[in-house]
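Below: the structure, in structure tokens.
Protein chains in written order, with our numbering: chain A, 1 to 388; chain B, 1001 to 1388; chain C, 2001 to 2388; chain D, 3001 to 3388.
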């Protein structure tokens, strides 16, 4: 149970790159980081327009002198201060992620990086290496992983409640891109431009969330190979807006991921079903407080967040008691709490004894997209997938 | 609206092969055929045990003299009578379907054949040829196709309500075979024995239903190629109990079918979603009275059977008024009504101006299984799929 | 499990009064009675137009000579035959029920009577007396009571799975009468005419179904008193189209029934929740194959028809196996099977050892409406309710 | 769309009474107030144990000198400061609400008061008078009213989308008190003690939320009279744990509220359906992002938060985009944003041009409970209900 008291002795001095005025993602980063007093927002390079960024920061109680025109200045200036930022969240367009994250790590900062982490396995491995070298904490923003029922799922699977896992069936398939929304909307245009969005659209945008959820829940299962059938249904779109990926795991399980932006009429469509030898669980991101638990031969049950019968690890993140709906903000808050704790442990030289979406998770997401694209571009042939 | 008056002038003289005591499938064939006075059950070879078959037939008001020890005798004896059977339903184990159906057609009978029609494309094409040669009507028992909301779906698609179809996403994935139920249950054992069940288990048993539903709803879309990843999760099982098939259609659409018997905790799991350019529809066989209709940018709607707003073709089969639940028996009844009408038209030399699960649908089901097996056995490679 | 073999040695010779051409209710009576060979339809007074009735009967394979112009002739003529009807179903307008049913019983026939049985407690008690005097079987057509999950609910309650019952919360509230549909539709007009429909509209039409479901599931609980708030929302309607009734039971439980025809946008709206000390069950007539079972402190479960975990009494009526949807026709079929068995036992002088919607249930329905009307007309005051 | 920038020029200096360590309700007040920089938490009397309160406040970045031992000291000391608190939230046990709220108002503070506001209409009217006299803003904490779909419902009703309202059908019926949870749990014991909880348990605890939701959505409908049937099902409980209330409104509509703590197996059970002449809406507090909209004769629709098709007033509070789930914290945040805006306008002497749960709403809640208790204690007789 969380009552809002901070989880660490001294709040982390925290800054943001991007996430300025009109940014939805910036808002959720701040809401999540600041709600429980684990972070103090003390600096930012919120906007490519310095004045706008300064005005924005002031609104957030940030000292105008610490509202910087760009991330380079911010990292340099903050490094000179005794009370300079310790950690930074990066919420800029995808094509800047790699460069800024690397600079932040090398500036001695802990990093919370929007996904996708970068575009190539090469860059991803370089970031992983940089994390190792600098000894800093890096989180990749897989924001759905903080939902309590994901923790519940992870513990159920670890506990053998489902038996050996056989099938991982996932989809993140919405309809928001069923027509060329990118025409005339700059905010959308970069997402379908290979130069800015990388080699994939839907797979990177939505599919990678599923890849990480699978890893979070089943950390011991490794993909052996995959094949991908991808399409660009909307005329003129260079990147895929629909993809079906089949994966084979090293334990004999199979997986399926449907990534789509053209699933007309579906508002969100992020769902999964994990099938074990004796039971399955199913979850829908639009109804995150519930987890369906279906034991073969028994009546299916719907487990609810915050109740007495779920596992302690899931219960620990409860903020408002069972029955009351929590939402995406609480999922992010849980992840930012982990970020604070991880930084705190890191700075004290303690071992981090909990899971979180780390740089390796980011590597795996980038690799998954890369392998899917490789298969898709090669007539949907099978592609082998040695562990990065 | 159907009120139970027969749809044809003279009821069809009808017999059964198989479907005797303790047969669930026999019961639904009879319930469907007899409810509206379109058929008279006048003969049968209900059981491999002649005495048991005779006793059973008597219970059904069949003249004991017309309860035959086997289908050969039945076809021969009935042919001698002026009032001999005109049509026969075949509800025997899978491995006998081809032989009996062929014999029935050649004996001048119309045939309602349990699925799968047979095991090889060769046999299937031979049956198709036999139908052509004899000029008789043959229905393949795809029992879900008679639900009113399938007709509604077909008409919506034909009418362009969804726009051009892009994605066909289907599953028939239950958990009833998650352990070796075939051990010690003769009634199940033949289903996983390649000699008796043919080259596939789940794909033939459940997957083919989806293949036909897709054809019924989207008659103009043809599969160009497919790939299939199949598994036998239960130890010792020779045939697949899980399969994922990806299909590419000639109009650029893609399809996905998940066939499974190991989806633990799922009672039935027959569902589909058809995605068009502007809207999608979704249906669940456990809730057949409803069809979800989701137009991009609008609030999703749940259409209900029997209401004023659905298409006339769907409404025509209403037996009890909107709101009251109909079930699988009504779906079968609708198909048997078509069977009666088709026979009636056939015998009068009239053209049949409605769709039904004909021998060609049976051919396509057999072919789909064969192609899936070919791909699955060839490391899940793509297999091209010229129209049979 | 039911496979369609008849349940009694000799089928009951059966006739119908009403239910002729274009009658939905007639169709479901016939479908239910005839499906399992327990009844032979041998006579009928199907229509007030004798010729139309004869043509209709012929379609149903009834000997034209036994298609009578009216029920009086039918009862008289059939009585003269050695093979005359033994039982009759009455599906005529409400205001004729009492007279025809009484005549049938006095003619020595078993009766399956459409609801409402009659309009006054006096008539109802007279019918009950007549049943007692004649020793015949009488069923009142509470067609939802035959659903397997109602039997399951009854057995769960009897078994104490819910603990002592505290609250009975029911509704049958659809929107089909939200405007004056009776204007210009003769088929609807009589339903809101006090002279023809009796003292109530929605309460009699839909509310009484709930009253009987409560009795079927909780036979030991008796209403002590009730109060009713009723409204006629549609202008010009003389009878109530909405009513809320609160009931107190002799065991300390309370009940609530919402009867309505003006619940705009709701197609059917027949649902209930039974709350016990430790658990509740909930059911929705549009999804009759399922029963929600919610134990306090545990995850709620959805029980499904036909599965291994439900009670034997519920399982016994399974016609098609778990997962496949059954519908209203199966519910009626189950009731007609009971009708056949009850007649068979009655004629053999055996005791009837199962529950069914008997004449006393009809009495209680009529009485409930009468008491509700009394309260509603008396400023919604409480009305005491001694057991009839 | 909300991006977290504050909505007013100068954040409100804000303090809390109660809501200290281990308080769930304190946490949600703070989360809601602080997330968007509209409030600064500068003082508090968080705990009856001064040291514990000081430690707690320190954790929240409150100056230890402004962590007071009790509310009297806090109001007195803060009044002396130029930067003293302007507003206070009161999250103490129910029986202290009236006294502290009155003191706060008289100390010149704006008040956000936990519900129930107080126990008697007399106290309630006194608070209303005090608000009028002091000219301060007072919010009563009806936390569900801030959900976007409640605003959507309000606007739909105002816009005539449902037609004239006929039926208001509501329930807040959970199972958490189905046994004597108050035995041995001090935190629960006061809730069923008439001296501390007032004259009602479930009706005050949960029922009043529905009363306010009804007022928020249908501000023009006034209750004319009501009757209430209440029970104490759990042995030894002095206050009711279940109540059914029927209400008649001045426009001819009827209402029904089921308040319960003994609805075994139900986790939350807060739901309503508003029925108009031509359409209904339905909402479930466990799934607050959705609103069912059912037009008679059309397929029912499920409206979702944040989409393009909902009303602007509802859209305005969107924090994360359609599809992503928001929860109870966002509902409270929306209300606290209104609190900030109302205070800002109040202090500037501007008119408040939006609705919020004001002191009069609190009066109506107290009155509703009082009238229900009066009816319940008088054999569930009708009680007239002139507007307070």
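Glycine included, each C-beta is placed from N, C-alpha and C at the ideal position. Predicted, not measured: the structure shown is a model, and the values here were computed from it.
- Message: On the DSSP bridge list, what partners appear for residue 1242 (chain B)?
- Response: B:1231, B:1260
- Return the CA-CA distance between residue 3388 (chain D) and residue 3117 (chain D), expressed in angstroms with no decimal places. Any answer about residue 3388 (chain D) is weak, because its pLDDT of 48 lies below 50 and its placement is not dependable; what the coordinates show is given next. So the two alpha carbons sit approximately 15 Å from each other.
- Query: Roughly how many whole angstroms lie between the Cα atoms of residue 1192 (chain B) and residue 1183 (chain B)?
  - Reply: 10 Å
- Taking only beta carbons into account, state which residues of the stretch 2272 to 2303 of chain C come closer than 8 Å to chain A, listed in chain order. 2293, 2297, 2298, 2299, 2300, 2301, 2302, 2303
- Message: Let me check one thing: in DSSP terms, what residues is residue 3067 (chain D) bridge-paired to?
- Response: D:3044
- Item | 9 Å Cβ cutoff, residue 1149 (chain B) in contact with chain C | no
- Considering only residues of the same chain and omitting the five flanking positions on each side of residue 391 (chain A), which have a CB-CB separation below 6 Å? Outside the displayed span of chain A (1 to 388) sits residue 391 (chain A), for which this structure offers no information.
- Task: Starting from the beta carbon of residue 3171 (chain D), find every residue of chain A whose beta carbon is closer than 8 Å, and list them in chain order.
- Result: Result: empty, since nearest Cβ-Cβ is about 14 Å, beyond 8 Å.
- Query: Nearest to residue 2243 (chain C) by alpha carbon, out of C:2204, C:2252, C:2217, C:2222?
  - Reply: C:2204
- Task: Go through its chain and collect everything with a Cβ distance to residue 1239 (chain B)'s Cβ below 7 Å, but skip five positions before and after it.
- Result: 1192, 1194, 1197, 1200, 1201, 1232
- Message: Please tell me whether residue 2152 (chain C) and residue 2305 (chain C) are closer than 9 Å, where the distance is taken between their beta carbons.
- Response: yes
- Message: Checking the sheet assignment: what are the DSSP bridge partners for residue 2014 (chain C)?
- Response: C:2041, C:2087
- Message: Along the chain, where does the alpha helix (DSSP H) containing residue 1329 (chain B) start, and where does it finish?
- Response: 1328 to 1348
- Message: Please classify residue 2038 (chain C) as buried or exposed, where buried requires at least 16 neighbouring CB atoms within 10 angstroms.
- Response: buried
- Inspect the CB distances between the stretch 1022 to 1038 of chain B and the stretch 267 to 286 of chain A and report whether three or more fall short of 8 Å. no
- Does the separation of the CB atoms of residue 1150 (chain B) and residue 1210 (chain B) fall below 9 Å? no
- Message: My output table needs one value for residue 1020 (chain B): the three-state DSSP class, helix, strand or coil.
- Response: coil
- Does the beta-carbon of residue 3326 (chain D) have 16 or more other beta-carbons within 10 angstroms, so that it is buried, or is it exposed? buried
- Task: Give the secondary structure of residue 2009 (chain C) by DSSP, where H, G and I count as helix, E and B as strand, and everything else as coil.
- Result: coil
- Message: I believe residue 343 (chain A) touches residue 162 (chain A) by the beta-carbon criterion, under 8 Å. Please report the beta-carbon distance rounded to the nearest angstrom.
- Response: At roughly 34 Å, the Cβ-Cβ gap does not stay under 8 Å, so residue 343 (chain A) and residue 162 (chain A) are not in contact.
- Which residue from D:3250, D:3237, D:3207 puts its Cα closest to that of residue 3220 (chain D)? D:3250
- Item | Partner residues on chain D for residue 76 (chain A), Cβ-Cβ distance less than 7 Å | Near residue 76 (chain A) there are no residues of chain D at all, since even the closest Cβ is about 27 Å away, more than 7 Å.
- Cβ-Cβ separation, residue 109 (chain A) to residue 398 (chain A) (assumed contact under 8 Å), whole Å: A query on residue 398 (chain A) cannot be resolved here, the shown segment of chain A reaching from 1 to 388 and no further.
- Between C:2288, C:2084, C:2102, which lies nearest to residue 2134 (chain C) when the distance is taken from Cα to Cα? C:2102
- Query: residue 2392 (chain C) touches chain D at which residues, Cβ-Cβ below 9 Å?
  - Reply: With chain C running from 2001 to 2388 in the structure shown, residue 2392 (chain C) is simply not present.
- Is the beta carbon of residue 3009 (chain D) less than 9 Å from the beta carbon of residue 3036 (chain D)? no
- Query: Do the stretch 1088 to 1097 of chain B and the stretch 1009 to 1018 of chain B make contact, defined as three or more Cβ pairs closer than 8 Å?
  - Reply: yes
- Would you mind sorting residue 318 (chain A) into buried or exposed? The rule is 16 or more other CB atoms within 10 Å of its CB. buried
- Measuring CA to CA, which of B:1111, B:1148, B:1119, B:1145 is closest to residue 1130 (chain B)? B:1111
- Query: Taking DSSP as the reference, what is the three-state secondary structure of residue 1388 (chain B)?
  - Reply: Reliability fails at residue 1388 (chain B), whose pLDDT of 48 lies under 50, so the model's placement of it is uncertain and no value is given.
- Message: Tell me whether the stretch 245 to 261 of chain A and the stretch 163 to 176 of chain A touch, counting them as touching only if at least three CB pairs, one residue from each stretch, are closer than 8 Å.
- Response: yes
- What whole-angstrom Cβ distance do residue 1366 (chain B) and residue 1128 (chain B) have, given they're in contact under 8 Å? 10 Å between Cβ atoms; not a contact.
- Query: In angstroms, rounded to a whole number, what distance separates the CA positions of residue 340 (chain A) and residue 7 (chain A)?
  - Reply: 8 Å
- Message: Taking the alpha-carbon of residue 2172 (chain C) as reference, which of C:2263, C:2051, C:2246, C:2303 has the nearest alpha-carbon?
- Response: C:2263
- Just mark residue 3071 (chain D) as buried or exposed, buried being the case when its beta carbon has 16 or more other beta carbons within 10 Å. buried
- DSSP three-state assignment for residue 294 (chain A), whether helix, strand or coil: strand
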